[in-house]
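In UniProt numbering, the protein residues as written are 1 to 338. We treat Cβ as the ideally placed atom computed from N, Cα and C, and that holds for glycine. These numbers come from a predicted model, not from an experiment. Notes follow once the structure below has been shown.
This is the structure we're talking about:
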């Protein structure tokens, strides 16, 4: 408690009484009725005194969160896009315009999953640098099953990527792990279909409809920022760019309005279908940085994501976009159904 100049306009008896009541209420946790009984006044009198103490700066209330979290931007972003949870992390001071997702996003996302996942849930993890960082930072999870939602970027890096992320999460939770040992992108639909029927992959796919919490990454359509972009040929990139692709998530492509484009690509991919993603109760996207800001906005408009962990660089863009978005996350609305 701190008495400011305006509080000095109160008489000394009023000051002493107000300070005592405020101490009982704010620090000792006593109710207004208990305070009223102690001081021999009505509870309405106690309420007026507490209100006056706030107005005259005798009491100051501070809401403090860790310095790396931006509570104001987080709440504004949640409200603007109708998100269930939005957590905005301070961008590193030395961050470059072309930097990938800040690694501290994964650490914060790991803490968020620790809050969201409950015992008996099925946790789904899609491939992405941010989800890999998140899995590495996990130190607590209730007992749950962990399933991989996409194939891997490169079969040669499976043990250091999403497969290891699934194993790590399962180890922390003490639950079962269902990894997918297959590339995310295949040469043709027939090869992808054949792989989906392989025993291990088919078993993982059986869990997709049971997933209750999922963690996904977002990429913008440019080199080094989109996994799928980097796996395609130059001709294929030009083709999908001509369709207006602005973002990619779990091998699904979106235009700036959140509508899915290039759906034929999905036939060649080992990934959870968009319709299944929309049915998952909680889908947490982890993505940040200036280069991904527009892509994040596009995916938020898709209605596939319910929560977001991002940084101040991306949040500032998302909060100042000229077009007022709908609330797709709250409604799980599909823009293709407009």
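- Ranked by how close their Cα comes to the Cα of residue 243, the residues 88, 233 and 262 have 262 in first place.
- When DSSP states are grouped into helix, strand and coil, residue 57 belongs to the coil group.
- Looking at the backbone, the Cα of residue 332 and that of residue 283 are separated by about 11 Å.
- Nearest to residue 69 by C-alpha distance, out of 38, 55, 87 and 77, is 87.
- Judged by their CB atoms, residue 22 and residue 77 are not nearer to each other than the 9 Å cut-off.
- As DSSP reads the structure, residue 150 sits in a beta bridge with 271.
- With distances taken between CA atoms, residue 320 lies nearest to 294 out of 336, 294, 213 and 194.
- Secondary structure at residue 125: strand, using DSSP grouped into helix, strand and coil.
- For residue 286, the enclosing beta strand (DSSP E) begins and ends at 282-286.
- Here residue 281 is exposed. Its C-beta has fewer than 16 other C-beta atoms within 10 Å.
- When the alpha-carbon of residue 228 is set against those of 334, 174, 74 and 127, the nearest one is in 127.
- For a cut-off of 8 Å, the C-beta gap from residue 306 to residue 48 is around 42 Å, too long to register as a contact.
- Taking 9 Å as the cut-off, the Cβ atoms of residue 258 and residue 335 count as close.
- The DSSP assignment places complete alpha helix (DSSP H) segments of no fewer than 4 residues inside the segment 283-315 at 293-301, in order along the chain.
- For residue 249, the enclosing beta strand (DSSP E) begins and ends at 247-249.
- In the displayed model, residue 335 falls within a helix according to three-state DSSP.
- As computed with DSSP, residue 85 is found in a beta bridge with 307.
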